[in-house]
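Chains as they are written, first to last, in this note's numbering: chain L, 3 to 166; chain U, 3 to 166.
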DNA sequence: ATTTTTTAAGTCAATAATAATCAATAGGAA
DNA sequence: TTCCTATTGATTATTATTGACTTAAAAAAT
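Written out as structure tokens, the structure reads:
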């Protein structure tokens with residue numbers, strides 16, 4: 003097992019997570035890349051590395067940013083549980099390979115149990131079908147797991163429903 | 003939490019949005035460029051910048067204007083009577099090609115407009131990133147449109163699942 | 001009726017301040 | 001070794017602001 007506990011990226015990651023804890027009632031935090039870099043005595047692009055490797059959509063975060071004067075980086079937390087158990091559960095259920103057909107059946111169950119909305123089911127199904135030419139059961143499983151894990155622990159609430 | 007959104011363009015944007023709120027029953031507002039510029043102590047072309055960067059069609063607005071005496075700028079809010087129109091709007095805005103970066107920016111706007119939820123935004127971002135090696139702007143646009151249009155049209159139809 | 005003047009909006013390029021990207025390199029683990 | 005994660009810095013792109021110059025519309029003057 004690797005021990006990265008004292009490398010800079012890890013430290014910056016913990017700092018950002020700490021910002022979220024200080025803003026319990028908000029689901030986003032804002033920061034300035036330049037300031038953070040100065041604070042940790044690193045080059046600014048290191049911040050991008052931390053964001054890319056630890057705060058991407060697959061981990062339940064979205065990034066918004068602006069350049070120029072008044073520039074900023076905003077990190078939105080969409081999901082926020084400790085994913086370990088649920089993540090393992092999803093791994094167990096889907097495994098290394100899954101057919102499109104089985105994936106769709108599982109989506110129905112998830113929808114029945116209100117883990118996902120109809121619209122989310124639609125998006126996932128379209129994404130899984132998209133591989134078109136080379137949609138192997140293996141690739142389907144990988145994408146499927148990534149999609150499900152991303153919204154694993156964010157609760158379905160009123161705001162997750164949009165009429166049309 | 004720091005706000006960082008205190009630049010002039012943001013202030014002017016919020017002011018204009020406020021005008022729309024004061025005229026809830028109307029789908030347009032009018033203003034005079036020169037007056038606004040004086041009001042905010044800026045150069046008139048700054049108003050054009052705000053309009054160009056924040057009140058374009060992708061954000062659901064159209065601009066009309068006239069020069070000379072009785073000159074004005076009119077900002078219209080686009081409305082949709084049918085889901086079909088939303089779908090067409092999506093088509094127009096995305097076009098045949100789009101970069102991942104621009105797609106993510108558009109998702110930001112769509113969430114802002116409550117066309118999609120944050121969870122849906124997560125799913126779409128992951129799906130668009132997934133193409134990894136062969137994610138051309140053309141393929142990105144095709145998948146992106148298919149995903150969004152499936153959400154915009156209320157009924158689930160066969161055409162949402164067609165590969166290409 | 002035509003030309004000139006006045007008034008107001010549009011365009012474009014220059015500048016400053018950020019952030020993003022990309023490729024090279026280093027370091028540690030298997 | 002070989003692979004993956006981190007670090008670094010040079011280069012590129014974006015955002016907001018400003019002002020000089022251009023264009024358009026209506027009124028005034030002829």
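Don't be surprised by glycine CBs; every beta carbon is placed ideally from N, CA and C.
> For residue 11/U, which of helix, strand or coil comes out of DSSP?
Replying inline: Helix.
> Which residues of chain U have a Cβ atom closer than 9 Å to the Cβ of residue 77/L, listed in chain order?
Replying inline: Result: empty, since nearest Cβ-Cβ is about 12 Å, beyond 9 Å.
> Name the chain U residues whose beta carbon is nearer than 8 Å to that of residue 101/L?
Replying inline: By Cβ distance, chain U contributes nothing, its closest Cβ being about 15 Å from residue 101/L, past 8 Å.
> Span of the beta strand (DSSP E) holding residue 76/U?
Replying inline: That run of the beta strand (DSSP E) goes 74–79.
>> Buried or exposed, going by whether 16 or more other CB atoms sit within 10 Å of the CB of residue 41/L?
In response: Counting of Cβ neighbours within 10 angstroms places residue 41/L among the exposed residues, the total staying below 16.
> Under the rule that 16 or more other beta-carbon atoms within 10 Å means buried, what is residue 62/L, buried or exposed?
Replying inline: Using a 10 angstroms sphere on the CB of residue 62/L, the tally of other CB atoms reaches 16 or more, which defines it as buried.
> By the criterion of Cβ-Cβ separation under 7 Å, what are the contact partners of residue 126/U in chain L?
Replying inline: Result: 125.
> Along the chain, where does the beta strand (DSSP E) that runs through residue 30/U open and close?
Replying inline: Taken as a continuous stretch (DSSP letters only), the beta strand (DSSP E) holding residue 30/U covers 30–33.
>> Let me check understanding here. Comparing Cα to Cα, which of 16/L, 118/L, 36/L, 101/L lies closest to residue 139/L?
In response: It is 101/L.
>> Would residue 118/U and residue 153/U qualify as a contact pair, given that the criterion is a beta-carbon distance under 9 Å?
In response: Taking 9 Å as the Cβ cut-off, residue 118/U and residue 153/U qualify as a contacting pair.
> Hey, does residue 149/L have any beta-carbon neighbour from chain U nearer than 9 Å?
Replying inline: Interface criterion met: the Cβ of residue 149/L is under 9 Å from a Cβ in chain U.
> Nearest chain L C-beta to residue 8/U closer than 9 Å, yes or no?
Replying inline: With its beta carbon less than 9 Å from one in chain L, residue 8/U belongs to the interface.
> Which word fits residue 36/L, buried or exposed, when buried means at least 16 other C-beta atoms lie within 10 angstroms of its C-beta?
Replying inline: Flag for residue 36/L reads exposed.
> With residue 125/L and residue 125/U assumed to form a contact (beta carbons below 8 Å), what rounded beta-carbon distance in angstroms separates them?
Replying inline: Distance from residue 125/L to residue 125/U at the Cβ level is roughly 5 Å; contact confirmed, criterion being Cβ atoms closer than 8 Å.
> For residue 92/U, which residues from the same chain have a beta carbon less than 8 Å from its beta carbon, with the 5 sequence-adjacent residues on both sides left out?
Replying inline: 147, 150, 151, 154, listed in sequence order.
>> Need the endpoints of the beta strand (DSSP E) that residue 68/U sits in, please.
In response: Residues 63–68.
>> Whole angstroms are fine: how far does the CA of residue 142/L sit from the CA of residue 135/U?
In response: Confidence is the limiting factor: at residue 135/U the pLDDT is only 49, short of 50, which leaves the residue's position unreliable and the question unanswerable from this model.
>> Less than 9 Å between the C-beta atoms of residue 38/L and residue 31/L, yes or no?
In response: No; because the gap between Cβ atoms is not below 9 Å, this pair is not in contact.
> Should residue 47/L go down as buried or exposed, given a rule of 16 or more other Cβ atoms within 10 Å for buried?
Replying inline: Its Cβ having fewer than 16 others within 10 Å, residue 47/L is exposed.
>> Closest to residue 25/U by C-alpha separation, out of 86/U, 79/U, 132/U, 45/U, would be which residue?
In response: Residue 79/U is the option with its Cα nearest to residue 25/U.
> Quick one: which chain L residues come within Cβ less than 9 Å of residue 145/U?
Replying inline: Residue 145/U reaches chain L at 128, 129, 132, counting residues in chain order whose Cβ is nearer than 9 Å.
>> I want to verify the contact list: residues of chain L whose CB lies under 7 Å from the CB of residue 32/U, in sequence order.
In response: Against residue 32/U, chain L offers no close residue; the least beta-carbon distance is about 28 Å (beta-carbon pairs closer than 7 Å).
> Where residue 120/U and residue 13/U are concerned, what is the direct C-alpha to C-alpha distance, given to the nearest angstrom?
Replying inline: Using only the alpha carbons, I get a separation of about 25 Å.
> Would you call the CB atoms of residue 59/U and residue 104/U closer than 9 Å?
Replying inline: Not closer than 9 Å, so no.
> Is it right to say residue 122/U is buried, meaning 16 or more other beta carbons lie within 10 angstroms of its own, or is it exposed?
Replying inline: Buried, because 16 or more other Cβ atoms sit within 10 Å of the Cβ of residue 122/U.
> For residue 111/U, which residues from the same chain have a beta carbon less than 7 Å from its beta carbon, with the 5 sequence-adjacent residues on both sides left out?
Replying inline: Within the same chain, residue 111/U has close Cβ partners 60, 61.
> For the alpha helix (DSSP H) that residue 44/U lies in, which residues bound it at each end?
Replying inline: Counting along the chain, no alpha helix (DSSP H) covers residue 44/U, and no H or E run does either.
> From residue 131/U to residue 19/L, what does the alpha carbon distance come to, in whole angstroms?
Replying inline: Distance between the alpha carbons of residue 131/U and residue 19/L is about 24 Å.
> If you measure beta-carbon to beta-carbon, which residues of the stretch 42–68 of chain L are closer than 9 Å to chain U?
Replying inline: Near chain U, meaning a CB-to-CB distance below 9 Å, the residues of the stretch 42–68 of chain L are 58, 59, 60, 62, 63, 64, 65, 66, 68.
>> Please classify residue 89/U as buried or exposed, where buried requires at least 16 neighbouring CB atoms within 10 angstroms.
In response: When all chains shown are included, residue 89/U counts as buried.
>> Is it buried or exposed, residue 74/U, if we count other Cβ atoms within 10 angstroms and call 16 or more buried?
In response: Residue 74/U is exposed by the Cβ-count criterion.
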